[in-house]
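The block underneath contains the structure these notes are about, expressed in structure tokens.
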């Protein structure tokens, strides 16, 4: 388990999570608290991993009811440099899930 203090998300608060499971665990344990629009984006992303894995930040923003710049800030706040890195943990999650079928 990573040593992460409870915090609202701030840019590079704790570095990017290595995988989707870790990100979910950090949020569930309230080591990461998603304020306002970030929570909407996070809820959408977790409920729709395929959309994130194969979508664009513009598509995610429209579907989550947020702006594209808010999606970009959300991704950076979680420690990712760009949306593509965030998308990669969803792609990895789906690959792992499919390999177990």
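Residue numbers (the numbering used here): 15 to 115.
Glycine included, every Cβ here is placed at the ideal spot set by N, Cα and C.
Keep in mind that this is a model prediction, so the values were computed, not measured.
Rounded to whole angstroms, residue 29 and residue 62 show a C-alpha spacing of 23 Å.
The beta-carbon separation of residue 34 and residue 94, rounded to 12 Å, does not stay under the 8 Å limit for a contact. The way I'd put it, the stretch 38-46 doesn't touch the stretch 66-78; fewer than three beta-carbon pairs between them come closer than 8 Å. Within the same chain, and ignoring the five residues on either side of residue 89 in sequence, the residues whose Cβ sits closer than 8 Å to its Cβ are 71, 96, 97, 99, 100. By the neighbour-count criterion, in which 16 or more other beta carbons inside 10 Å mark a residue as buried, residue 56 falls on the buried side.
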